[in-house]
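Step one of this worksheet: look at the structure below.
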Amino acid sequence: MVAEWLELEGFLVTIGLKVGTGKGGGRKEADVVGARIRNSNLEIMHVEIGALYESSRNIVKIVTQKFDSSRVDVVKNYFLQLLGFRGHQVNYNKLYVLTASRKDKKNINGMLAPYGVKFWDIDDLVGKIKQSMDAWVQVHKTPQNPYPSLPESYWMLQLFRVLTAER
């Protein structure tokens, strides 16, 4: 669903991009990464998703490892090469989405801020996706079709829209 949301926002999206290997030979992947060029700048969105039932201190440690400099460099270079970007400005956005809600989210966000990482819970993601879909509808509506449907390829977002409409 995160990949479809980023595509709806105009990003070229890759899921499960290999960003290295672990100590035991395991594979390190970026969950969802996307890039778009806006105003001659390359904007990269790197989203990691997970369920962390840890102390806030351990969460910060785990999350910062997901966005360490070697992983960021792999993602940047992947999109620079893929898009043939020759501009100067690269904006790299880091987002961790927790699949549950936490009372200490604000505290964790504060602890992650120096690393340039935003920390959302599932409610934040739901709100942002709703916002994006509403904005998409506003851009694509016409007098003949005041309520345009999302493209068929966004089946998860269509399901999301149906489920949230019944709330």
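Quick note on our numbering: the sequence shown kicks off at 1 and runs consecutively. Each residue gets a CB set at the ideal place from its N, CA and C atoms; glycine is no exception.
Item, Value
"Separation of proline 143 from arginine 102, as counted between CA atoms", "43 Å"
"Start and end residues, beta strand (DSSP E) containing histidine 88", "Unbroken run through histidine 88: none, as it is neither H nor E."
"Expected contact under 8 Å - CB spacing of valine 33 and valine 75 to nearest Å", "5 Å"
"Rounded separation between valine 72 and serine 55 - CA only", "25 Å"
"Buried versus exposed call for lysine 130 [16 or more other C-beta atoms within 10 Å across all chains shown]", "exposed"
"Extent of the continuous beta strand (DSSP E) to which leucine 17 belongs", "12 to 21"
"Tyrosine 115 and valine 63 closer than 9 Å at C-beta", "yes"
"The stretch 93 to 107 in contact with the stretch 37 to 53 per 3-pair CB rule at 8 Å", "yes"
"Start-end ranges of the alpha helix (DSSP H) lying completely within the stretch 33 to 76, minimum 4 residues", "56 to 66"
"Aspartate 121, enclosing beta strand (DSSP E) - first and last residue", "117 to 121"
"Supposed close pair glutamate 4, leucine 157 - CB separation, criterion 8 Å", "5 Å"
"CB contact flag (valine 236, alanine 30, <9 Å)", "Shown here, the chain extends from 1 to 167; a query on residue 236 therefore has no answer."
"Element boundaries [alpha helix (DSSP H), containing lysine 103]", "Segment: none, lysine 103 is in no alpha helix (DSSP H) and carries neither H nor E."
"Cβ neighbour criterion (16 or more within 10 Å) applied to tyrosine 154", "buried"
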